[in-house]
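The opening residue of the sequence shown carries number 2 in our numbering; numbering runs sequentially from there. Even glycine gets a Cβ: it sits at the ideal position worked out from N, Cα and C.
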Amino acid sequence: MTPVRDLAVEPRLVRADWLAFAAALPPSSVDLLYVDPPFNTGAAKRSPPGAAQAGRTADGAYADRWPSTGAWVAWLRERLRATIPALKRSASVLLHVDWRTCHHARLLLDDLFGPASFVNHLVWSYGLGGSSPRRFARKHDDILFYALDPRRYYFDPPRVPATSRRLAGAHKKATDVLDIPAINNMALERTGYPTQKPLELLRLLVRACAPPGGTVLDPCCGSGTTLLAALIEGRAPLGCDVSPVAIRTSRTRLAAAPPRTSP
Ligand SMILES: C[S@@+](CC[C@H](N)C(=O)[O-])C[C@H]1O[C@@H](n2cnc3c(N)ncnc32)[C@H](O)[C@@H]1O
């Protein structure tokens, strides 16, 4: 067993705007860019009531409001473009969005990287939450997967438990629909930071899309889920966020990272 802190990968985590952070990155140094930006929900994102009192580390809030979808796209375009020089030629990009902006984000990535760089439109199906009598319940997020060079990018197909009775107990290659529960109120990993994503989802994405020892960049790191996933999976975490609460929460999580069990 290799303890995480014995790895030659020191987490690098800075409180900064993604734009300034991107400009300071060394060229061709990043293997995987994962971005889970604000979704332009039009509301301020707050921790769920009681999260901080329940002994969780974060009681965060961040603005998630742009004057228009066009303004959100322009915000994202500027930051993605500024990050491109830091990406290796073999790098991949995962952009995590939802029904509000997915169609705009797809066009934006086609424009920045070229339509031939498209690899997958992943659906993260999470189940949790309410429903409406007026429509099908919205129960998934969208993760757009692009490779800078579609002929040479890293991919290690993740395996998930098989669901058919014939293959009971076996594993099969994951499809582009990832069935992973959202973090529930009682989950131990819950930090209280709003919009925290499950560690299981990020570990799967990091293992699949970043080579062992490679650098994983999350420039909107929030509670640090991607950085923790990278650390556990033996990749080098690199991140920033504008929110001081996000940086505090990420630092606390990284410092308490469990030992790595696989070589
Ligand atoms: C959807 S949350 C990320 C949640 C994260 N994936 C997690 O699992 O906790 C979006 C994050 O983007 C950050 N953010 C917003 N504008 C930013 C900017 N200009 N530069 C860096 N981070 C920013 C917010 O503070 C927030 O933490």
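| said: So the candidates are P259, C241, L113 and R167; which of them puts its Cα closest to the Cα of A17? | reply: C241
| said: If you measure between the beta carbons of L266 and L206, is that distance less than 8 Å? | reply: The question about residue 266 has no answer, for the chain in this structure spans 2 to 264.
| message | Give me, in chain order, the residues of the same chain whose beta-carbon lies closer than 6 Å to that of A211; leave out the 5 immediate sequence neighbours on both sides. | response | D32, L33, V217 and R236
| said: Give the list of continuous beta strand (DSSP E) stretches no shorter than 3 residues that lie fully inside the stretch 110-145. | reply: 119-126
| Residue burial classification, T227 (beta-carbon count within 10 angstroms, cutoff 16) | buried
| Closest to A72 by CA distance: which of P39, W100, V94 and I85 is it? | P39
| said: Below 8 Å, how does it come out for the stretch 64-80 and the stretch 121-134: are there three or more Cβ pairs, yes or no? | reply: no
| Any idea which residues DSSP pairs L33 with across the strands? | S93 and V217
| Comparing alpha-carbon positions, which option in R249, I248 and C221 lies nearest W19? | C221
| query | So is F22 buried or exposed if we call it buried at 16+ other beta carbons inside 10 Å? | reply | Around the beta carbon of F22, a 10 Å sphere encloses 16 or more other beta carbons of the protein chains shown; the residue is thus reported as buried.
| Between which two residues does the beta strand (DSSP E) carrying V15 extend? | R13 to R16
| message | By the three-class DSSP mapping on this structure, what secondary structure does A257 have? | response | DSSP places A257 in the coil class of the three-state scheme, outside both helix and strand.
| task | Let me have the residue list for ligand 1: C-beta closer than 6 Å to any non-hydrogen atom, ordered along the chain. | result | D18, W19, D37, P38, P39, Y63, Y194, T196, Q197, K198, P220, C221, G223, S224, T226, C241, D242, V243, S244 and A247
| message | Can you list, in chain order, the residues of its chain with a C-beta nearer than 7 Å to that of L77? Leave out the 5 residues immediately preceding and following it. | response | Answer for L77: P38 and L109, listed in chain order.
| task | Between the Cα of G193 and those of L149, V246, L145 and A258, spot the shortest distance and give me the residue it belongs to. | result | V246
| query | Can you list, in chain order, the residues of its chain whose CB lies under 8 Å from that of I181, leaving out five sequence neighbours each side? | reply | W125, S126, Y127, P199, E201, L202 and L205
| task | Determine the extent of the beta strand (DSSP E) in which L239 is found, giving its start and end residues. | result | A237 to D242
| request: Give me the Cα-Cα distance between K89 and Q197, rounded to the nearest whole angstrom. | output: 28 Å
| F93 vs A148 beta-carbon contact at 8 Å | Checking the sequence, you will find Ser at residue 93 rather than Phe. For S93 and A148, yes; Cβs fall inside 8 Å.
| said: Within a Cβ cutoff of 7 Å, which residues of the same chain sit near S312, ignoring the five residues on either side of it in sequence? | reply: With the chain running from 2 to 264 in the structure shown, residue 312 is simply not present.
| request: Let me know the secondary structure DSSP gives P86 once reduced to three states. | output: Three-state result, P86: helix.
| CA-to-CA distance, V98 to R249, given in whole angstroms | 24 Å
| query | Can you tell me where the alpha helix (DSSP H) with R160 in it begins and where it stops? | reply | Per DSSP, R160 belongs to no alpha helix (DSSP H); it is in the beta strand (DSSP E), R160 to P162.
| Thinking C-alpha only, which one of F156, L168 and L179 is nearest D142? | It is L179 whose Cα lies nearest to the Cα of D142.
| Is E234 close to chain D, meaning its C-beta is less than 8 Å from at least one C-beta of that chain? | Going by chain labels, chain D is absent from the structure shown, which holds only one protein chain.
| request: Pick out the complete beta strand (DSSP E) segments inside the stretch 146-203, 3 residues or longer, and give them in chain order. | output: If we require 3 residues or more, the beta strand (DSSP E) runs fully inside the stretch 146-203 come out as 160-162, 172-174 and 178-180.
| message | Which same chain residues end up closer than 6 Å to R80 when comparing Cβ atoms and leaving out the 5 residues on each side of it in sequence? | response | If the five residues before and after R80 are omitted, its C-beta is found closer than 6 Å to the C-beta atoms of W19 and L20, all from its own chain and listed in chain order.
| task | Run the CB neighbour count on S244, radius 10 Å, all protein chains shown included, and call it buried at 16 or more, exposed below. | result | buried
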